[in-house]
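Residue numbers (this note's numbering): 1 to 131.
Think of the CB as a built atom: it goes at the ideal place given N, C-alpha and C, for glycine as much as any other residue.
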């Protein structure tokens with residue numbers, strides 16, 4: 001059901017998380033060399049948020065499970081945000097505002113998608129009471 005507004009919000013969140021996964025500071029530039037920061041956990045978290053959002057997009061027939069997936073994706077995004085701030089203070093790296101902005105954009109899109117799914121679920125439950 002791509003015509004639902006929450007599907008559009010989830011698509012926006014997927015695109016934002018895909019862009020965040022490319023901007024996550026997994027590698028650092030030190031004196032003409034790229035050196036790994038050994039932070040593949042951050043990259044795995046961003047991919048997990050991306051996959052959870054994509055799964056939630058295609059679970060439109062099971063609204064309860066879709067809401068659970070969206071809540072889990074929001075939790076993953078919060079962990080990514082906290083981890084990103086810890087990583088920036090730990091490595092004394094410059095704050096990448098694009099990454100933070102994309103993360104916030106995906107977070108807001110997921111919240112709006114959750115509200116849309118909850119609204120649809122409430123509508124279906126109210127119609128079931130009438131029958």
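Taking 8 Å as the upper bound for CB-CB distance, residue 102 and residue 41 are not in contact here, some 19 Å apart.
Boundaries for residue 61: no alpha helix (DSSP H) harbours it, and the DSSP string shows neither H nor E there. Secondary structure at residue 4: coil, using DSSP grouped into helix, strand and coil. For the set 73, 100, 46, the Cα lying nearest the Cα of residue 85 is the one of 100. Rounded to the nearest whole angstrom, the CA to CA distance from residue 71 to residue 87 is 24 Å. With a 10 Å radius around the Cβ and a threshold of 16 neighbouring Cβ atoms, residue 57 comes out buried. In this structure residue 97 is exposed. Its beta-carbon is surrounded by fewer than 16 other beta-carbon atoms within 10 angstroms. When the beta-carbon positions are compared, residue 113 and residue 7 come within less than 9 Å of each other.
Rounded to whole angstroms, the Cβ separation of residue 50 and residue 17 is 4 Å, and the two are in contact under 8 Å.
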